[in-house]
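Beneath this line is the structure, given in structure tokens, with notes to follow.
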Amino acid sequence: MGITYTDEKKFTKERTQQLFRSVGWVSGKYPERLYKALMGSSTVFSAWDGDRLVGLVRVLDDTEMVAYMHYVLVDPEYQGHGIAGHLVGMVKERYRDYLYIEVMPEESKNATFYQKHGFSIMEDGAAMQIRNPGERR
């Protein structure tokens, strides 16, 4: 498996939709909006097997102090090969001079993955969101 990684936003709507649908994320139902969101992101690192998009991490930052890592996903056929960890490592390297790199796993079972990569649970923090009606993960 020859996985290559890039920060070039060379993905297409179709490839991102396919990746997001492979993991069952609702974002995959909105290819236009998803593509626009990714293109407007501060940083997107992606993993490729040839011309197949197999993994992706998205980061939003304030240009100086805080980077928020959002969307860490790997196609189920490629999970278990260190791709997600490599993508997180790329984020940590890119934002090493920021005060904080934050992540909010949508499922608590994923917290151990992030802890394995140096993140810690905030002592007094609580994740919050407004979910618009009619949408489920």
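The opening residue of the sequence shown carries number 1169 in this note's numbering; numbering runs sequentially from there.
Built from N, CA and C at the ideal position, the CB exists for glycine as well.
Three or more C-beta pairs below 8 Å linking the segment 1220-1234 and the segment 1257-1274: yes
What's the C-alpha gap between Tyr-1246 and Val-1222? For the purposes of this step, residue 1246 is taken as the residue at position 78 of the sequence shown. For the purposes of this step, residue 1222 is taken as the residue at position 54 of the sequence shown. C-alpha separation (whole angstroms): 7 Å.
With distances taken Cα to Cα, identify the nearest neighbour of Asp-1229 among Tyr-1198, Ser-1276 and Tyr-1268. Your numbering for residue 1229 matches position 61 in the sequence shown. The residue with the shortest Cα to Cα distance from Asp-1229 is Tyr-1268.
Can you find the residues in the same chain that come closer than 6 Å, C-beta to C-beta, to Ala-1279, ignoring five residues on each side of it along the sequence? If you number the sequence shown from 1, residue 1279 lands on position 111. Excluding residues up to 5 positions away in sequence, Pro-1273 lie with their Cβ nearer than 6 Å to the Cβ of Ala-1279 in the same chain.
Run of the alpha helix (DSSP H) containing Ile-1251, from where it starts to where it stops: Taking the sequence shown and counting its residues from 1, the one referred to as residue 1251 is at position 83. Run containing Ile-1251: 1251-1262, per the alpha helix (DSSP H) assignment.
Check Leu-1267 in the structure and name its three-state DSSP category. Against the sequence shown, residue 1267 aligns to sequence position 99. Three-state result, Leu-1267: coil.
Cα-Cα separation, Glu-1275 to Tyr-1282: Taking the first residue of the sequence shown as 1, we reach residue 1275 at position 107. Taking the first residue of the sequence shown as 1, we reach residue 1282 at position 114. Each residue's Cα considered, the two are about 12 Å apart.
Thinking just about the alpha-carbon of each residue, which of Arg-1299, Ser-1210 and Gly-1257 is nearest to the one in His-1285? Locating residue 1285 in the sequence shown gives position 117, where the first residue counts as 1. Looking at the Cα atoms, Gly-1257 is the closest of the given residues.
Does DSSP classify Met-1207 as helix, strand or coil? Position 39 of the sequence shown, counted from the start, is the residue given in the question as residue 1207. Helix at Met-1207.
Answer with buried or exposed for Ile-1289, where buried requires no fewer than 16 other C-beta atoms within 10 angstroms of its C-beta. Taking the first residue of the sequence shown as position 1, residue 1289 is located at position 121. Ile-1289 is classed as exposed because its beta carbon has fewer than 16 other beta carbons within 10 Å across all chains shown.
I'd like the span of the beta strand (DSSP E) that includes Tyr-1236, first residue to last. As a first step, residue 1236 must be located in the sequence shown, where it is residue number 68. Element bounds for Tyr-1236: 1234-1242.
Report the three-state DSSP secondary structure of Arg-1183 (helix, strand or coil). Translated into the one-based positions of the sequence shown, residue 1183 becomes position 15. Three-state result, Arg-1183: helix.
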